[in-house]
Amino acid sequence: MNPLQLPNAPAPQRVSVVVVGAGPAGLTVANILRHAGVDCVVLETETREFIEQRQRAGVLEEWAVRALEERGLAGDRLRTAQRHTACEFRFDGGQHRFEYSEVTGRHHFIYPQPLLVADLVRAYADV
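Numbered per our numbering, the sequence shown spans residues 1154 to 1280.
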């Protein structure tokens, strides 16, 4: 036995890529690599349950949604995510709505990132 290997640890294995962290970015990269045939492993110190429930930001821009959809990583929840085309600024006691989709032709989605992470974990781990 290798003196650096713990007695109950699984046998060491070699992979081409190690992704550190099972957040949205790490899981997206791992899924893309796996789909491209690159062997990889995601290292995370927390449990699957924890990372799927960790609170994160909830807005995804349209380009990110399109990129996830093109790679089959959007999940069913994303298809029902709330679409937003404006934002509201509040100052000087007033509300000022800015319809940015009229200017840009784009929108964003309200999609809780814990749900996105759960979809990405499922795509990576439950194959």
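Glycine included, C-beta positions come from ideal geometry on N, C-alpha and C.
Note on N1184: 16 or more other CB atoms within 10 angstroms of its CB, so buried under the neighbour-count rule.
Under the three-state reduction of DSSP, G1247 is assigned to strand. Q1235: member of the beta strand (DSSP E) spanning Q1235 to H1237, first to last residue. The Cβ atoms of T1238 and E1252 lie closer than 9 Å to each other.
Bounds of the alpha helix (DSSP H) holding E1255 are Y1253 to T1257. Per DSSP, the continuous beta strand (DSSP E) segment holding E1214 begins and ends at V1212 to E1214.
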